[in-house]
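Below you'll find the structure, written out as structure tokens, and then a few comments.
Number of protein chains: 2
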Amino acid sequence: MPFEDKKKSRVTLIDVARRANVSRATASLVIRKSPLVGAETRARVEEAMRELGYVYNMGAARLRAERSHTVGVIVPNLTNPFFAELLSGIEAVIDAAGMVVILANSGDLVERQNMVVRRMREHGVDGVIVCPAAGTEPAFLHQLAEWDLPLVQVLRQISGEVDYAGADYADGMRQAVDYLASLGHRTIAFAVHGPIHSAYHERVEGFREATQSHGIDSGRIVRVPNQIGEIAAAAHLLFDEAERPTAVICFNDVIALGLSAGLYDRGLKVGENFSLIGFDDVTDAEAMRPRLTSVSTAPVTIGENAARLLLGRLADPTGPPRRVVNETILHVRQSCGVVPGSEP
Amino acid sequence: MPFEDKKKSRVTLIDVARRANVSRATASLVIRKSPLVGAETRARVEEAMRELGYVYNMGAARLRAERSHTVGVIVPNLTNPFFAELLSGIEAVIDAAGMVVILANSGDLVERQNMVVRRMREHGVDGVIVCPAAGTEPAFLHQLAEWDLPLVQVLRQISGEVDYAGADYADGMRQAVDYLASLGHRTIAFAVHGPIHSAYHERVEGFREATQSHGIDSGRIVRVPNQIGEIAAAAHLLFDEAERPTAVICFNDVIALGLSAGLYDRGLKVGENFSLIGFDDVTDAEAMRPRLTSVSTAPVTIGENAARLLLGRLADPTGPPRRVVNETILHVRQSCGVVPGSEP
DNA sequence: AAAAGCTTTTAGATCGATCTAAATTGAAGA
DNA sequence: TCTTCAATTTAGATCGATCTAAAAGCTTTT
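Chains Y and A, in that order, are what the protein sequence lines are.
Okay, so the first sequence: first residue is 3 according to the numbering used here, each after it adds one.
Okay, so the second sequence: first residue is 3 according to the numbering used here, each after it adds one.
Listed below in structure tokens is the structure:
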């Protein structure tokens, strides 16, 4: 009795091969859709796989072949909807490529980021997409390069020699300043918070250059709390100096939402006697009252770009570094108004 | 010359063993922190691993041992901050357990959910945490059980025979209704949207029971658009019938935010001549004006609970199904007011 | 009929760990 | 000195796929 049914033992390629009267090697070729195998044989093997309920074992395959069909994604914070949308874009493209996302949260801590990337290496990811934690050194990237672990930076860039997907923050900032200037604003504040990183610098630089090109004071950078609940109460910081601003640009929409509340509490009417511009254009912007004018950075698209960059890199591991910088667009709604007595 | 340095070839346990003058088996024991190996030997092996830059190969290990130290997580939608927070909680606990999250998005489509779970099985996940797509049949769960794939349901429950982590939505709804009733409201609407699933039914049931216990009409369930931008314009739906409500409870905070804008547009003052309660208590609730009174469901905590359930299930695969239902809490802020002439 | 040239199939080694069962070592007991 | 026994260490098989190089089948030429 050679055909004893063993209880509960996994169905392997050998079982399939035996059932279809072919060798293990042929069955393997069928799985991998090789053109080498004849049509009739292929059909027989596929039939056998179905009958036995065969499940492909990636783990075993990866051991021999080199690809694991796995991509690591490291973000600093899942709680922030912005990163969640980014992740969503990445996942969609990776999934469509038949690969799988291994997710980790660095908490914006360099230490944890090292931990996490080590773990991913142990799991044999084919590459990683990283939004580098604030304070990440270039050495981190070089380390990965030495390990031959393909890498794409997203949202924040540490080194110009590594693939990068982001948005043109500086230009978004310029659009915001231009727009406010066109409405007659001459004293504009910039409200920031959170960790310092390249995306931060790009926005600050964009703000500096744009304000200067209009001959506007560019020193009014105000730091507000990180906790959304505390931002409203910090609105007074905008008015601490003698010359009060007539408008504020926010580092992101979270700040815009908070300040909008704080300005309301102070009796200011956003869109009438005070102007407010957000950054990121999250879905809430449309739901606020007044509707928030905001610079759209399209995180889902950035995520898709990052994933595509990584797929490209996997296909061609050498080759020069590539950068995909998405354009930003000022989405004008209702939160800005003309300065009285500036234009007819 | 037996010690040729092969270029770029991976460092394996054999290399480590050779360097430390022990066998492959001993080196393996050191990695796994077995108490069998002597202190002096252990030190020598660890030293060798460090010197050679050895990286553990999970893939190889998993082939022989059964555990892959990998957990699949399937959510219906990453774009929704609520699921992002849930994911954050899951990731934290799984990570702390030394395991890794493989993420997938079902798009709330049963079809895709099947695809995705199949893929995860091929990748050899030790178990999965699923927020089942709307319309998921119990057969789906039975399928996984047949495959011996440990499973935890989160947020939505398809079967009582499978582990589940969620929140007590019905009780949250009761608290909301009780609160409004105590303020004198007798005509209360319930605004809903999105797919129909267990969490939906629980809220609707909770609403029905609570309103009936107060002798209030429980039929005022109003369906609003799914897109946040379109909700405001749908506020009129609340007032289509003869007897106009004085308060509305929202299925989630997204709806609350949208309706808040829509009510504002109609000239109603939320918290004064109209009352509004949200559900989920997202961070925005605190930043809105008026501040949103909302039922807190603590998605991060639910995620943590789900992850812990799965870890427990992995430790004890048989054993009765467990349920962890987090309590909900009505967080009172400013969006509700007393009905004029109801109480002294 | 044999040789040459395809297409299709296959045996056997291999990837890098773990597991089993047995071998070694060293100290204590007879 | 010879066992006995616990503490360490190890050889070799094994997990389930892929890869290489060669074999087996078919046609088509010569």
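All C-beta atoms, glycine included, are put in the ideal place defined by N, C-alpha and C.
All values derive from a computational prediction rather than experimental measurement.
Look at the alpha carbon of N228(Y) and the alpha carbon of P247(A), and state the distance between them as a whole number of angstroms.
-> 38 angstroms
Q | Neighbouring residues, chain Y, relative to H238(A) (Cβ below 7 angstroms) | A | Residues of chain Y passing the Cβ test: none, with the nearest at roughly 16 angstroms.
Closest to A249(A) by CA distance: which of A86(A), T138(A), A193(A) is it? Of the candidates A86(A), T138(A), A193(A), the one whose C-alpha sits nearest the C-alpha of A249(A) is A193(A).
Exercise. Nearest-angstrom Cα distance between G280(Y) and N254(Y)?
Worked result: 6 angstroms
With a threshold of 6 angstroms on Cβ separation, who are the neighbours of N307(Y) within its own chain once the five nearest residues in sequence on each side are excluded? A167, V326
#### Entry: Contacts that A234(Y) makes with chain A (C-beta to C-beta distance below 9 angstroms)
Ordered by position in chain A, the residues that pass the 9 angstroms Cβ test against A234(Y) are E288, A289, R291.
query: Name the chain Y residues whose beta carbon is nearer than 7 angstroms to that of R123(A)?
result: V57
Identify the continuous beta strand (DSSP E) that holds S298(A) and give its terminal residues.
295 to 298
For T347(Y), return the contacting residues in chain A, with the cut-off set at a CB-CB distance below 9 angstroms. This structure leaves residue 347(Y) out entirely; chain Y is present only between 3 and 346.
Buried or exposed by the 16-neighbour rule on C-beta atoms within 10 Å, applied to I96(A): buried
Worksheet entry | Where the alpha helix (DSSP H) through F85(Y) begins and ends | 83 to 98
*Please confirm if K9(A) has its CB atom under 7 angstroms from at least one CB of chain Y.*
Unreliable placement is indicated for K9(A), whose pLDDT of 40 sits below 50; the coordinate value is still reported in the next sentence. Proximity of K9(A) to chain Y, defined by a Cβ-Cβ separation below 7 angstroms, is not satisfied.
- Since A47(A) contacts V32(A) with CB under 8 angstroms, what's their CB separation in whole angstroms? First, the amino acid is wrong: residue 47(A) is Val here, not Ala. The C-beta separation of V47(A) from V32(A) comes to about 4 angstroms, placing the pair in contact by the 8 angstroms criterion.
Between L153(Y), R120(Y), A147(Y), which has its C-alpha nearest V132(Y)'s C-alpha?
L153(Y)
Exercise for the section: Find the nearest neighbour of P134(A) within the set P78(A), A62(A), F276(A), G186(A), judged by alpha-carbon distance. Expected result: P78(A)
Residue of R66(A), D170(A), G74(A), H238(A) minimising C-alpha distance to Y202(A) = D170(A)
Legend entry - Alpha carbon of R69(A) to alpha carbon of M60(A), nearest angstrom: 10 angstroms
| How would you write the range of the alpha helix (DSSP H) that G174(A) sits in, first residue to last? | 171 to 184
Q. Helix, strand or coil: which one does DSSP assign to H333(Y)?
A. Strand at H333(Y).
Note to self: Would V179(Y) and A212(Y) qualify as a contact pair, given that the criterion is a beta-carbon distance under 7 angstroms?
What the structure shows: yes
Please tell me whether M101(Y) has its Cβ less than 7 angstroms away from any Cβ of chain A.
no
- [ ] Could you tell me how far apart the beta carbons of V75(A) and I92(A) are, in whole angstroms, since I believe they sit closer than 8 angstroms?
- [x] 6 angstroms
Query raised in the report: Going by beta carbon distance, what residues of the same chain come within less than 7 angstroms of I16(Y), once the five residues before and after it are set aside?
Result: R26
- Message: For E232(Y) and I257(Y), what's the separation of their Cα atoms in angstroms?
- Response: 10 angstroms
Self-check item: beta strand (DSSP E) segment containing S277(A), residue limits
Solution: 277 to 282
By the criterion of Cβ-Cβ separation under 9 angstroms, what are the contact partners of A263(Y) in chain A? Annotation: Cβ neighbours of A263(Y) in chain A (cutoff 9 angstroms, chain order): E288, A289, M290, R291, R293.
Notebook entry, point to check: Does I230(A) come within less than 7 angstroms of chain Y when only Cβ atoms are used?
Noted result: yes
TODO: Taking 7 angstroms as the cut-off, decide whether the C-beta atoms of N116(A) and L80(A) are in contact.
DONE: no
Please report the distance separating the alpha-carbon of L311(Y) from that of E288(Y). 31 angstroms
* Asked: In its own chain, which residues sit with a C-beta less than 8 angstroms from the C-beta of G55(A), not counting the 5 before and 5 after it?
  -> V13
Please list, in chain order, the residues of the stretch 242 to 274 of chain Y that have any C-beta partner in chain A closer than 7 angstroms.
Those residues of the stretch 242 to 274 of chain Y placed with their C-beta closer than 7 angstroms to a C-beta in chain A are L259, G260, A263, Y266, ordered along the chain.
Measuring straight from C-alpha to C-alpha, what distance separates G109(A) and G305(A)?
19 angstroms
With a 10 Å radius around its C-beta and 16 neighbouring C-beta atoms as the bar for buried, classify P339(Y) as buried or exposed.
What sits at residue 339(Y) in the sequence shown is Gly, not Pro. Buried.
Nearest-angstrom Cα distance between A183(Y) and G100(A)?
Straight-line Cα distance between these residues: approximately 53 angstroms.
Collapsed DSSP secondary structure at Y266(Y) in the structure displayed = Of the three classes helix, strand and coil, the one that applies to Y266(Y) here is helix, per DSSP.
query = Whole alpha helix (DSSP H) runs in the stretch 16 to 64 of chain Y with 4 or more residues, listed along the chain?
reply = 26 to 33, 41 to 54
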